[in-house]
Structure formats: C-alpha cells, structure tokens
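> For reference, the structure I am asking about is given below.
In our numbering, the protein residues as written are 1 to 434.
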C-alpha cells in the first residue's frame with residue numbers, strides 16, 4: 001500500500017551520490033523553516049515569475065510545507081543558500097475510471113537554473129523521485145508540464161488532454177439547452193469553498209483528474225498576494241431548480257483596444273456538476289453584455305460549448321497535452337481501473353529505467369476487472385514503451401494510433417482488442433495545473 005507520509009521518506013542515495021560527484025548537494029528543504037524563502041525564489045526564477053514578496057512567501061508556505069521539497073545546492077555559488085534546482089512532490093490521487101481513484105505520486109516545481117544546465121541535475125532529481133515513489137508503494141507518478149520535450153526521457157507521456165478555447169461571441173448565437181435553475185453573483189471570499197466542493201464532486205467521475213488544494217482555489221478567486229487582476233475577479237454560481245449549487249464560473253473582464261463593446265471575458269475556472277450547469281455557465285459567459293471574446297483554458301479536449309452555438313467555427317479549441325503519467329508498477333497501475341471489454345493479452349514493456357520493464361499477462365473479465373501478473377513464458381502479443389503504456393492507461397489514446405508511431409507493436413486484431421478494453425466511459429481530462 002502506498003504511504004501517505006511522504007515527508008519522512010529518506011533522500012534517494014543514488015541521486016545524492018550522482019550530484020556530489022559534480023560538487024552539488026542534494027537535500028530536503030523544510031517548508032516551515034528558514035530555507036523556504038530561498039527555495040521559493042528559485043522556483044519563481046525557474047518559471048520566469050516575479051521575485052516573491054514576503055506575503056507571497058508566507059501564502060505559498062501554507063501549501064508547500066505539506067510537500068516533500070528538495071533542493072540542489074552549489075556551495076561555491078555567490079548565494080549558496082539559494083538552490084540551483086528544485087522539485088517537490090506529495091501524495092495525491094488520480095481518477096482512473098469513473099468513480100475509481102488510485103494513489104498518485106504528484107511531482108511539481110521541477111526547475112534547473114540556467115547557470116547549471118547540462119550537468120545531469122534534472123536526471124538525478126527525476127530518477128530520484130521515481131525510485132522514492134517506487135519504494136513508497138506508488139504505481140503511478142504524474143505531473144503537468146510547461147515544456148513537452150523534457151519528461152519523455154524519464155518515461156512520462158501524455159495521458160489526458162485539455163483545450164484552450166476562444167469564442168467569438170458575435171458569431172456564437174446560443175442554441176444550447178436552457179437551464180431551469182438560476183445564476184447569482186457570489187463574493188470572492190466564498191469562491192474557494194465553492195470551487196473545492198464542486199471540484200471534488202466532478203473529479204471523481206472524470207479520468208485524468210486530481211484533487212486541488214486550498215491555495216489553488218484561492219488563486220482562482222484572486223485572493224493570493226501579487227495577483228494584479230485579483231480585484232477584477234467576479235464569480236457566479238448556478239443553482240438547480242432545487243436550490244443546490246451545481247456550478248461556478250470565475251472570470252475577469254478586460255478591455256480590448258478602444259472598442260468598449262469588445263471586452264474579453266477570461267474564464268479563470270468553470271466547474272459544472274452536470275451538463276445543465278456547464279451549459280448555464282457557458283451561456284452566461286457568451287451572452288455577457290459588452291463582451292466580444294470569451295477565452296478559457298484547460299477545458300475538455302472537445303469542449304461541449306462547440307455544440308451549443310449556431311456557428312461551431314465561432315469556437316476555436318486548441319488541444320494541449322496536459323497530464324503526463326509515468327507507470328512505475330505495471331500490475332498496480334493496470335489493475336487500478338475498470339475496463340470496457342474483456343481482454344487476454346501478454347504485453348512486453350520496454351523501460352530503460354527498469355521500473356516497469358518485463359512481460360505481463362493482462363486478463364480483464366466480463367465485469368471490467370483486471371488481473372496482471374508476470375507472463376511466465378507465454379507468447380508476447382503486444383510490445384510497447386513505458387511511455388506508451390502511460391498514454392494508454394486512461395484510454396485517452398488508442399493503441400492502434402500509437403502503433404502508427406512505432407511505439408506499440410502487435411497484430412491489428414490484438415491492438416483493436418486493447419482499444420476496446422481500454423476505451424473510457426468519459427474522455428480523460430485535467431482542469432488544473434499541479
């Protein structure tokens with residue numbers, strides 16, 4: 001069973017030795033201690049953010065002191081107390097099927113200072129995270145990425161997509177459903193609790209989702225220090241005919257040029273518990289007075305709003321590979337989810353780092369439950385990379401598609417059987433960064 005007490009886990013000795021050979025120190029950072037401001041400064045620089053203020057440091061400390069923070073330090077640097085590389089991790093959970101979650105080793109804040117590139121620092125940190133996660137009993141690690149070219153070398157691969165959406169409201173006449181409930185403005189102070197409550201309901205049913213946390217919701221509400229648009233944040237809640245909160249839209253309005261009637265409505269968060277709420281919130285945004293454009297990030301890969309307006313081309317959706325997963329333990333990862341059809345195959349997984357490598361017999365019964373064990377000499381039906389396995393895990397990618405890219409191999413019949421079994425009841429998606 002995966003441990004939840006990750007703060008007490010020891011540092012990875014192999015990574016410490018690797019970095020020591022380059023004159024670097026690899027160590028834990030106490031999120032409640034004096035070294036935290038320098039850690040956060042390094043993270044901010046890594047992501048090209050502003051230098052954190054004292055208020056921002058204390059606000060971030062509330063969240064990060066619950067995480068396992070690691071810094072890499074160069075004691076010969078001008079400021080040796082500031083790490084030249086960072087990573088943090090924590091025990092989370094991943095929705096793998098509707099109503100089914102599994103432990104997830106969540107990784108974030110991976111940075112390496114531009115002064116220390118190409119010294120094997122990222123390799124030491126990421127392999128250290130995977131070895132620690134494996135020892136702690138985690139079958140899957142995950143992260144969201146700012147650059148798509150980095151993490152594949154450690155076996156991570158995109159498993160859930162999202163889309164950036166832009167709606168031209170002057171072309172997008174509403175043709176979607178009319179929701180029977182009502183919309184009301186809510187104070188910003190109430191937004192974090194609303195987002196938390198609704199997101200917890202919704203994430204349990206969508207593969208690819210992970211839980212949020214208090215400062216994530218406060219950030220959407222514009223309540224964190226240093227948010228230039230914080231005072232602009234507005235929010236509406238949708239309540240159904242029984243008066244139950246079913247959705248919340250958090251947004252800001254911005255002038256575009258000199259045309260006062262051409263504001264841009266930027267969606268910060270849109271969480272709907274059910275189709276009715278999603279439609280009501282999108283209609284509010286599209287029909288808002290003096291708004292010419294609505295923009296929203298991290299929407300479902302095929303956003304339903306495309307089907308709710310008269311001109312589908314008024315809605316432009318740009319997909320992004322958002323949630324990257326890394327299978328560490330094949331039996332644990334594959335047995336965690338529910339499948340859509342029976343399956344009986346032997347898969348060979350190629351994993352240069354060794355965690356998932358091997359030949360595995362995968363049997364799925366008529367109820368969608370999987371048993372996975374060593375193949376014990378049975379003939380291999382499907383060969384794939386560990387990255388391909390991570391992409392297939394939630395069903396958001398088809399084995400037959402990955403075969404065209406040369407990272408999955410098998411007969412068309414076997415690959416089609418895999419596609420049928422792995423097909424999800426809902427398209428995987430992730431609506432937050434972590």
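Cβ atoms here follow ideal geometry from the backbone N, Cα and C, with glycine treated the same way. The structure displayed is predicted, hence computed values, not measured ones.
Where does residue 201 fall in DSSP's three states?
What you label residue 201 is simply residue 201 of the chain shown in a count that begins at 1. Here residue 201 sits in helix by DSSP.
> Compute the beta-carbon to beta-carbon distance between residue 389 and residue 327, rounded to the nearest angstrom, for a pair I have assumed lies under 8 Å.
Here residue 389 refers to the residue found at position 389 of the chain shown. Here residue 327 refers to the residue found at position 327 of the chain shown. Yes, they are in contact, since the Cβ atoms of residue 389 and residue 327 sit about 5 Å apart, within 8 Å.
> Just to confirm, is the Cβ distance from residue 420 to residue 381 under 8 Å?
For this step, residue 420 is matched to residue 420 along the chain shown. For this step, residue 381 is matched to residue 381 along the chain shown. In this structure, residue 381 does not lie closer than 8 Å to residue 420 by Cβ.
> Are at least three pairs of beta-carbons, each pair with one atom in the segment 31-46 and one in the segment 64-71, less than 8 Å apart?
These segments touch.
> By Cβ distance below 6 Å, which residues in the same chain neighbour residue 407 in space, the five residues on each side in sequence not counted?
By one-based count along the chain shown, residue 407 stands at place 407. Excluding sequence neighbours, residue 407 sits near 385 and 388.
> When you compare the segment 333-351 with the segment 175-189, are there three or more beta-carbon pairs, one atom per stretch, that lie closer than 8 Å?
No, because fewer than three Cβ pairs between the segment 333-351 and the segment 175-189 fall closer than 8 Å, the two stretches do not touch.
> Using alpha carbons as the reference points, say which of 95, 117, 170 and 175 lies closest to residue 141.
Stepping through the chain shown from its first residue, residue 141 is reached at position 141. When only C-alpha atoms are compared, the closest one is 95.
> For residue 121, report the span of its beta strand (DSSP E) as first-last.
Walking along the chain shown from the start, residue 121 turns up at place 121. Careful: residue 121 lies outside any beta strand (DSSP E), inside the alpha helix (DSSP H) at 121-135.
> So which of 21, 19, 59 and 50 has the shortest CA-CA distance to residue 36?
Numbered from 1 along the chain shown, position 36 holds the residue referred to as residue 36. Nearest C-alpha to residue 36: 59.
> Measure the C-alpha to C-alpha separation of residue 112 and residue 234 and round it to an integer number of angstroms.
As a position in the chain shown, residue 112 is number 112, starting the count at 1. As a position in the chain shown, residue 234 is number 234, starting the count at 1. Cα-Cα distance, rounded: 36 Å.
> So within the segment 12-79, which uninterrupted beta strand (DSSP E) runs reach at least 3 residues, ignoring any that extend past its ends?
Runs of the beta strand (DSSP E) inside the segment 12-79: 25-29 and 68-73.
> Which whole-angstrom value is the C-beta distance of residue 362 and residue 334, which I expect to be below 8 Å?
One-based indexing of the chain shown puts residue 362 at position 362. One-based indexing of the chain shown puts residue 334 at position 334. Confirmed, Cβ separation roughly 6 Å.
> Mind checking whether residue 42 and residue 86 have CB atoms under 8 Å apart?
Numbered from 1 along the chain shown, position 42 holds the residue referred to as residue 42. Numbered from 1 along the chain shown, position 86 holds the residue referred to as residue 86. The answer is yes: Cβ separation under 8 Å.
> Once you ignore the five residues that flank residue 91 on each side, which residues in its own chain have a CB closer than 6 Å to its CB?
Position 91 of the chain shown, counted from the start, is the residue given in the question as residue 91. Cβ within range, chain order: 4 and 6.
> Are there 16 or more other CB atoms within 10 angstroms of the CB of residue 402, so buried, or fewer, so exposed?
Position 402 of the chain shown, counted from the first residue, corresponds to residue 402. Buried.
> According to the Cβ coordinates, are residue 208 and residue 391 closer than 8 Å?
Working through the chain shown from its first residue, we reach residue 208 at position 208. Working through the chain shown from its first residue, we reach residue 391 at position 391. For residue 208 and residue 391, no; Cβs fall outside 8 Å.
> Is it buried or exposed for residue 241, if we count other Cβ within 10 angstroms and need 16 for buried?
As a working note, residue 241 is residue 241 in the chain shown. Exposed, by the Cβ-count rule.
> Given this structure, state the Cα-to-Cα distance separating residue 174 from residue 298, to the nearest angstrom.
Looking up residue 174 in the chain shown gives position 174. Looking up residue 298 in the chain shown gives position 298. Cα-Cα distance, rounded: 22 Å.
> Compare the beta carbon distance of residue 122 and residue 83 with 8 Å and say whether it is the shorter of the two.
In the chain shown, residue 122 corresponds to position 122, counting from 1. In the chain shown, residue 83 corresponds to position 83, counting from 1. It is not a contact, given that the beta carbons lie outside the stated cut-off.
> I think residue 290 touches residue 260, with their Cβ atoms under 8 Å apart; what is that distance to the nearest whole Å?
The count along the chain shown starts at 1 and reaches residue 290 at position 290. The count along the chain shown starts at 1 and reaches residue 260 at position 260. Right, the Cβ-Cβ distance comes to about 7 Å (below 8 Å), so this counts as a contact.
> In terms of DSSP beta bridges, what is residue 415 paired with?
Working through the chain shown from its first residue, we reach residue 415 at position 415. Its beta-bridge partners do not exist; DSSP assigns none.
> If you follow the alpha helix (DSSP H) that residue 280 is in, where does it begin and where does it stop?
Residue 280 sits at position 280 when you count from the first residue of the chain shown. Looking at the DSSP string, the run of the alpha helix (DSSP H) that includes residue 280 is 275-286.
> Would you grab the beta carbon distance between residue 325 and residue 53 for me? Rounded to a whole angstrom, and I think it's under 8 Å.
As a first step, residue 325 is located in the chain shown; it is residue number 325 there, counting from the start. As a first step, residue 53 is located in the chain shown; it is residue number 53 there, counting from the start. Between residue 53 and residue 325 the Cβ distance is about 35 Å, and since that is not below 8 Å, they are no contact.
> Kindly identify the DSSP beta-bridge partner or partners of residue 251.
Within the chain shown, residue 251 is the residue found at index 251, counting from 1. DSSP output for residue 251 lists 234 and 267 as bridge partner(s).
> Just tell me which of 305, 15, 155 and 355 has its CA closest to the CA of residue 165.
Looking up residue 165 in the chain shown gives position 165. With distances taken between Cα atoms, residue 165 lies closest to 305.
> Does the distance from the CB of residue 216 to the CB of residue 311 come in under 8 Å?
Position 216 of the chain shown holds residue 216. Position 311 of the chain shown holds residue 311. No, they are not a contact pair.
> Starting from residue 103, trace the beta strand (DSSP E) both ways and give me its first and last residue.
Counting from 1 along the chain shown, the entry for residue 103 is found at position 103. Taken as a continuous stretch (DSSP letters only), the beta strand (DSSP E) holding residue 103 covers 100-112.
> Just confirm the distance between the C-beta atoms of residue 223 and residue 268, as a whole number of angstroms; I'd bet it's less than 8 Å.
In the chain shown, the residue the question calls residue 223 occupies position 223. In the chain shown, the residue the question calls residue 268 occupies position 268. Contact doesn't hold; Cβ gap of about 12 Å is too wide.
> For residue 10, report the span of its alpha helix (DSSP H) as first-last.
Indexing the chain shown from 1 puts residue 10 at position 10. Unbroken run through residue 10: none, as it is neither H nor E.
> Have a look at residue 106 and residue 160 and give me their C-alpha separation to the nearest angstrom.
Numbered from 1 along the chain shown, position 106 holds the residue referred to as residue 106. Numbered from 1 along the chain shown, position 160 holds the residue referred to as residue 160. For residue 106 and residue 160, the distance between alpha carbons rounds to 15 Å.
> I'd like the list of long-range same chain contacts for residue 145, defined as Cβ closer than 7 Å, with 5 residues on each side in sequence excluded.
One-based indexing of the chain shown puts residue 145 at position 145. Excluding residues within five positions, the ones whose Cβ falls inside 7 Å are 151 and 324.
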